[in-house]
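Asks: First, the structure itself, so that you have it in front of you.
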Amino acid sequence: MTTRKPCVPFLMADQTAVSVLPCHGLPVVKTPYLPQLANGDMVTGSAYCNSRHARPPALS
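This is the structure we're talking about:
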């Protein structure tokens, strides 16, 4: 029996407000697969980015 590593997708949208996603209440945006992924999995509404990439740290 072979042991398979788990497949863990990590989706990140840069500079997208949480309120525009259908899984957070806005039905206007068409994302056919995103709500299916969000229904049974962990969805976060806020995050902190401490990268010194191009601007000061962002808090969503």
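Going by UniProt numbering, the first residue of the sequence shown is number 1, and it counts up by one from there.
All C-beta atoms, glycine included, are put in the ideal place defined by N, C-alpha and C.
Between the Cα of Pro22 and the Cα atoms of Thr16, Gln15, Leu34 and Thr3, which residue gives the shortest distance?
Replies: With distances taken between Cα atoms, Pro22 lies closest to Leu34.
Asks: Thinking just about the alpha-carbon of each residue, which of Val20, Arg4, Thr3 and Pro9 is nearest to the one in Leu37?
Replies: Ranking the options by Cα distance to Leu37, first place goes to Pro9.
Asks: Please report the distance separating the alpha-carbon of Pro6 from that of Gln15.
Replies: Their backbone Cα atoms lie some 29 angstroms apart in a straight line.
Asks: Which of the three DSSP states, helix, strand or coil, is assigned to residue 73?
Replies: The chain is shown from 1 up to 60; residue 73 falls before or after that span and cannot be answered.
Asks: Got a sec? Which residues, its chain only, sit under 8 angstroms from Leu26 by beta carbon, not counting five neighbours each side?
Replies: Within the same chain, Leu26 has close Cβ partners Ser19 and Val20.
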